[in-house]
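Worksheet for the structure shown next.
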Amino acid sequence: MKFEQLDAPGYERVIYAHDEVSGLKSIIAVHSTKLGPAAGGCRMFAYDDLELAKTDALRLAKGMTYKNAAASLPLGGGKSVIIADPKTDKTPELMQAFGRFVDSFNGQYYTAEDVGISVEDIAEAAKFTSYAAGLEQGEFGSGDPSPVTARGVFLCMQVAAKFGLGSSELRGRTIAVQGLGHVGMHLCQFLHDVGAHLIVTDINDQAIEEATSRFDASVVAPDQIYTQDADIFAPCAMGAILSSDNIEKLKAKVVAGAANNQLVDNTAGQKLHDKGILYAPDYVVNGGGIINVAAEILKISDAAWVNEKVETLATTTDQILTHAQTQNALPHVVADQFVDEILAKA
Ligand code: NAD
Numbered sequence: 027m028k029f030e031q032l033d034a035p036g037y038e039r040v041i042y043a044h045d046e047v048s049g050l051k052s053i054i055a056v057h058s059t060k061l062g063p064a065a066g067g068c069r070m071f072a073y074d075d076l077e078l079a080k081t082d083a084l085r086l087a088k089g090m091t092y093k094n095a096a097a098s099l100p101l102g103g104g105k106s107v108i109i110a111d112p113k114t115d116k117t118p119e120l121m122q123a124f125g126r127f128v129d130s131f132n133g134q135y136y137t138a139e140d141v142g143i144s145v146e147d148i149a150e151a152a153k154f155t156s157y158a159a160g161l162e163q164g165e166f167g168s169g170d171p172s173p174v175t176a177r178g179v180f181l182c183m184q185v186a187a188k189f190g191l192g193s194s195e196l197r198g199r200t201i202a203v204q205g206l207g208h209v210g211m212h213l214c215q216f217l218h219d220v221g222a223h224l225i226v227t228d229i230n231d232q233a234i235e236e237a238t239s240r241f242d243a244s245v246v247a248p249d250q251i252y253t254q255d256a257d258i259f260a261p262c263a264m265g266a267i268l269s270s271d272n273i274e275k276l277k278a279k280v281v282a283g284a285a286n287n288q289l290v291d292n293t294a295g296q297k298l299h300d301k302g303i304l305y306a307p308d309y310v311v312n313g314g315g316i317i318n319v320a321a322e323i324l325k326i327s328d329a330a331w332v333n334e335k336v337e338t339l340a341t342t343t344d345q346i347l348t349h350a351q352t353q354n355a356l357p358h359v360v361a362d363q364f365v366d367e368i369l370a371k372a
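For the working numbering, add 26 to where a residue sits in the sequence shown, where the first one is 1.
Shown next as structure tokens:
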């Protein structure tokens, strides 16, 4: 395997690896180990070129520094990308080579699942490194993080409702859920259990059928979800959906959901604020998944540890939204400041 160090100011270590035998082309980006070893998933995507893959790896690695710190985890931020099409290029040999690449970081970086990478793929990588988490098997195997992510979103949504709607009570509220995947479906269950009304959308008909039969949810087309008469909008599909156009359409007074990188850019946060819509910062709200993975990395088998950490996400959201309200500041800016202070003290 050939390694090449990539130039990335502000990052601790960014390496590109190419293994001719398996065809692996991968980048591991370590943004910060100030709080502990860097942890963040591996994304497999058919990037058009190395530069695009590097840009994504850097952006995601820095995001993990912020997410891990906001979740009060003793972990830094890192991420990896594999340049390949998950539908056609994935082989056990490729994932094993990736495991060897992760191992070459000697514990400076822990990997796990992300878009395009399954539990089975991580299990292949784990044959060649002990720095892989998100496994089903093993003493500390943490399995699917999605139910924990959904619980965190639910708890933070209650807090956001307190600030944006005047009460944390979700019974009788209408929630528009975009995306009924691993997290979205679990979130719907939490919301249904407390008596919320659900308006849902997805591009997958099977998921729609499941949500209508289990939660008596109303269904709308994907492009109609923004204009619904809902109290809360919960993005649980793709990132970058809070664009100027979509914010213009939004009727909900609160945005709180699982999707990563919801704001298209910083002006989107301002636009939400100007429209009187309260935005619960995504990387705080969706930290449950990495908390679940962290228990495996830190070899903690106590479910109470995970539960307490997830509850802390709600406390942190409360602190951030209190500060934002009293200072008339943007919640996502306050969240970044909150993390910058943690990092400065470390
Ligand atoms: P998933 O792939 O299981 O689910 C996404 C769902 O969104 C799918 O059902 C898909 O059909 C649907 N979808 C895609 N495009 C859509 C569109 N245009 N309109 C409506 N629905 C659409 O993913 P997931 O694991 O549930 O994660 C959801 C989001 O939360 C992602 O952004 C992910 O990065 C983020 N997230 C997930 C976790 C976790 O624990 N899984 C943790 C943190 C953040």
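Beta carbons: idealized from backbone N, C-alpha and C, even for Gly.
Residue of Gln134, Ser144 and Gly133 minimising C-alpha distance to Thr117: It is Ser144.
Enclosing beta strand (DSSP E) for Asp242 [first to last residue]: It is not in any beta strand (DSSP E) - Asp242 carries neither H nor E in the DSSP assignment.
Nearest neighbour of Val209, chosen from Glu235, Ser194, Ala149 and Ser172 [CA to CA]: Nearest to Val209 by C-alpha distance, out of Glu235, Ser194, Ala149 and Ser172, is Ser172.
Any 3 or more C-beta pairs closer than 8 angstroms across the stretch 335 to 354 and the stretch 299 to 311: yes
Residue from Phe259, Phe166, Ile229 and Thr253 whose Cα sits closest to the Cα of Ala187: Phe259
Segments of 4+ residues assigned as alpha helix (DSSP H) that fall wholly inside the stretch 299 to 350: 308 to 311 and 314 to 323
Straight-line Cα distance separating Ala64 from Asp320: First, the amino acid is wrong: residue 320 is Ala here, not Asp. Ala320 and Ala64: Cα-Cα distance of roughly 11 angstroms.
Residues near the ligand NAD, criterion Cβ-heavy atom distance below 6 angstroms: Pro171, Ser172, Thr175, Gln204, Gly205, Leu206, Gly207, His208, Val209, Gly210, Thr227, Asp228, Ile229, Asn230, Ala233, Pro248, Cys262, Ala263, Met264, Gly265, Ala284, Ala285, Asn286, Asn312 and Gly315
Distance, Lys335 Cα to Thr109 Cα: Checking the sequence, you will find Ile at residue 109 rather than Thr. Taking the Cα positions, Ile109 is about 34 angstroms away from Lys335.
Among Asp219, Gly205 and Asn333, nearest to Val245 - alpha-carbon criterion: Gly205
Nearest-angstrom Cα separation, counted from Glu46 out to Cys182: 46 angstroms
Inter-residue spacing [alpha-carbon to alpha-carbon] between Tyr42 and Thr81: 12 angstroms
Within 9 angstroms, strictly: CB atoms of Ala273 and Ala294: Sequence check: residue 273 is Ile here, not Ala. Yes, these two residues count as a Cβ contact at 9 angstroms.
CA-to-CA distance, Lys325 to Ser168, given in whole angstroms: One C-alpha to the other measures close to 10 angstroms.
Rounded C-alpha distance that separates Val311 from Lys113: Each residue's CA atom was taken as its position, placing Val311 and Lys113 some 30 angstroms apart.
CA-to-CA distance, Ile234 to Asp228, given in whole angstroms: In this structure, the alpha-carbon of Asp228 lies about 6 angstroms from that of Ile234.
Own chain residues within Cβ distance below 8 angstroms of Arg197, not counting five before or after: Val220, Gly221 and Ala222
Buried/exposed call for Phe166, threshold 16 Cβ in 10 Å: exposed
Cβ-based neighbour list, Ser193, same chain, cut-off 7 angstroms, excluding 5 preceding and 5 following: Ala187
Three-state secondary structure assigned by DSSP to Pro261: Three-state DSSP puts Pro261 in a strand.
Buried or exposed (CB count within 10 angstroms, at least 16 for buried), Asn318: Buried, since its Cβ has 16 or more Cβ neighbours within 10 Å.
Inter-residue Cα distance where the pair is Ser327 and Gly36: 34 angstroms
Glu139 (DSSP reduced to helix, strand or coil): Glu139: strand per DSSP, three-state reduction.
Outcome for Thr14 when other beta-carbon atoms lying within 10 angstroms are tallied against a minimum of 16: Residue 14 lies beyond the stretch modelled for the chain, which goes from 27 to 372, so this question has no answer here.
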